[in-house]
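Mapped onto my numbering, the consecutive letters of the sequence shown carry residue numbers 1 to 413.
Idealized CB from N, CA, C, for every residue including glycine.
Being a predicted model, the structure only gives us computed values, none of them experimental.
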Amino acid sequence: MSSGMGSGSAVVVGGGIGGLAAGIGLRLAGWDVTVLERAAVPDDAGAGISLAANGMRALAALGVGEAVEAASRRQYTGGTRTPDGRRLAVMDGQALERELGAPIVGIPRAALHRILREALPAGSLVIGAEVTEVTDVTGTADMTGTADTADVDTSRPTRVRVAHGDTVLDADLVVAADGINSRVRRRLFPAHPGPAYSGSTVLRAITERPVDGLTADFELTWGHGAEFGHIAFPDGTAEWHAVLNAPAGVRYRDPLTEVRRRFARWHEPIPALLAATRPEAVLHHDVNELVTPLPSYVAGRVALLGDAAHAMTPHLGQGACQALEDAVTLAAALAEGRTVEDALTRYDAVRRPRSQTVARDARRAGRMGQQLANPLAVGLRNAAIRLTPPGVMVRTVLKHADWSPPRITPRAA
Ligand code: FAD
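Now the structure itself:
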């Protein structure tokens, strides 16, 4: 099995945004790719997502930028408000697009997943395939905990064992894109403490119909320890999210009634968004993150990517954007580098500092934004924001959006 470029085979564990993007990128780099996804259907279809300019540029580098733009709504208007409707910061998405060279958009997750899936050739995405073991040339990472770690053959390529039946795939590289609860990460970094609860829980849904009076493309409203936001879509429907400070594991018997109660006195279009929602559409998740940074995104010939590597809080809307950056950077390094090992070293060196900085800033943004509950502190923060010149606040939030993708150019054989 060659370790040179443009002729390798890779197995990607996980077919979320990061795994699908990695699959597309590696194919552009000239690799044979199999993406293994344990779920039979995408399980996050009931929500939406914002993609900042960096995410859009990564998608363009993967060849799906136009398809994503066509299915999404540009975020030109909106900003941040207080529950009584007063504006804290106004967003000028057109100015940001001019400056950053790419738009900020809102898109249903299901549409983004579909576009990414369709960019992979038939057969390279295998669904219903749960990976239980990754065996690396540097040692055995057996996720069932039963393999013999002494059984290491350094001449053998990286190997992935898939749980359904007894299928075993051999590959030059494994990309672990198996999300925040990554089993591959747990196995490769057993001393790492894993994800921790952020203190916030999030309820969200997509409205069942277009919402009257929805003028802002994207808006956040900050109360005391609570945030309500929406992302509008091209057809006039929208995703709304309610983020609350709460003990871990809190659940409500009737989540939509609870959100309506909590946000009853907040400004329009919040009541209108909630009125246009079916109770069964509401999703509820606790927000977890990797507080302790990983010491490496690479172990032997396994590269960690997306939430498996750097799950962050959603307060900057950057988690998926960082996963997309990972995918493009990994593919470009494999297309250009001399060996798989060199390419992985470069991937880790480029991606780890940046994504861990974004994760830290997302945590800080949450503490100063949605999570701030003390009335005095909230008042001081709001006064400080109002004194900030227009645009500066939004620029601060979007400072990570200024990113240019490396080119994925396979070296001529
Ligand atoms: P995941 O989406 O978790 O995908 C992992 C996949 O691996 C899953 O499909 C899973 O089924 C599969 N899998 C797991 N284990 C195995 C296995 N053993 N074998 C096979 N398959 C396996 N980011 C943004 O950029 N913008 C936003 O606006 C935004 N909003 C957010 C709002 C909320 C409330 C939250 C919680 C997050 C938000 N994010 C946002 C972050 C974003 O959703 C994540 O960062 C992104 O989805 C991570 O993608 P991923 O592919 O790394 O992981």
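- Counted as a single uninterrupted DSSP element, the beta strand (DSSP E) harbouring ARG87 occupies residues 87-90.
- Annotation for SER296: ASP348 place their beta carbon closer than 6 Å to its own, counting only its chain and skipping 5 residues before and after.
- DSSP, read as helix, strand or coil, puts ASN245 in strand.
- Counted as a single uninterrupted DSSP element, the beta strand (DSSP E) harbouring ALA303 occupies residues 302-304.
- Remark: fewer than three beta-carbon pairs, one from each stretch, lie closer than 8 Å, so the region 314-321 and the region 337-345 are not flagged as touching.
- In this model, LEU256 and ARG265 are separated by some 15 Å (Cα to Cα).
- Within the chosen limit of 7 Å, the ligand FAD does not reach the beta carbon of ILE127 with any heavy atom.
- Distance from the Cα of GLY55 is smallest, within the candidate group GLY106, PRO83, THR357, for GLY106.
- Remark: C-beta atoms of GLN356 and HIS285 do not approach each other more closely than 8 Å.
- THR82 and PRO269 have their C-alpha atoms spaced approximately 13 Å apart.
- For a cut-off of 8 Å, the C-beta gap from ARG363 to GLU258 is around 26 Å, too long to register as a contact.
- Positions of the beta strand (DSSP E) runs, each at least 3 residues long and wholly inside the region 290-358, are given as 302-304 in order along the chain.
- Here the alpha carbons of LEU112 and LEU398 stand approximately 21 Å from one another.
- For LEU125, the secondary structure class from DSSP, reduced to helix, strand or coil, is strand.
- Going by C-alpha positions, ILE127 is about 49 Å away from THR388.
- For GLY15, the CB falls within less than 7 Å of some heavy atom of the ligand FAD.
- With respect to ARG57, SER404 sits close: the two C-beta atoms are nearer than 8 Å.
- Judged by DSSP in its simplified three-state form, GLU118 adopts helix.
- By a beta-carbon distance limit of 8 Å, ALA246 contacts THR201. Their separation comes to about 4 Å.
- It is roughly 33 Å from the alpha-carbon of HIS192 to the alpha-carbon of ALA205.
- An exposed status is given to PRO190, since fewer than 16 other beta-carbon atoms sit within 10 Å of its beta-carbon.
- LEU330 and LEU305 do touch by the CB rule: their CB atoms are close to 7 Å apart, below 8 Å.
- With fewer than three CB-CB distances shorter than 8 Å, the region 210-219 does not count as touching the region 363-380.
- One thing to note: HIS230 has its Cβ within 8 Å of the Cβ of TRP240.
- Runs of beta strand (DSSP E) with 3 or more residues, each lying fully within the region 224-289, are found at 226-232, 238-245, 283-289, listed in chain order.
- Here GLU208 really is in contact with ALA276; their C-beta atoms are around 6 Å apart, less than 8 Å.
- Apart from sequence neighbours up to five positions away, the residues of its chain that approach ALA401 with a beta-carbon distance below 6 Å are ALA52, ALA53, ASN54, LEU100, ordered along the chain.
- Here ALA308 is not near ALA119, since their CB atoms are 8 Å or more apart.
- Exclusion of the five residues before and after SER9 leaves ASP32, ALA171, ASP172 as the residues of its chain whose Cβ lies within less than 6 Å of its Cβ.
- The criterion of a C-beta distance shorter than 8 Å is satisfied by VAL378 and HIS224.
- Straight across, the Cα-Cα distance linking GLU227 with ILE104 is about 20 Å.
- With a threshold of 16 other beta carbon atoms within 10 Å, THR167 falls short and is exposed.
- Membership of PRO103 in any alpha helix (DSSP H) is not indicated, and neither H nor E is assigned to it by DSSP.
- Placement of the Cβ of GLY18 at a distance of less than 7 Å from at least one heavy atom of the ligand FAD is found.
- With contacts defined as CB atoms closer than 8 Å, PHE263 and PRO108 fail to qualify as a contacting pair.
- In this structure, the C-beta of VAL105 stays at least 7 Å away from each heavy atom of the ligand FAD.
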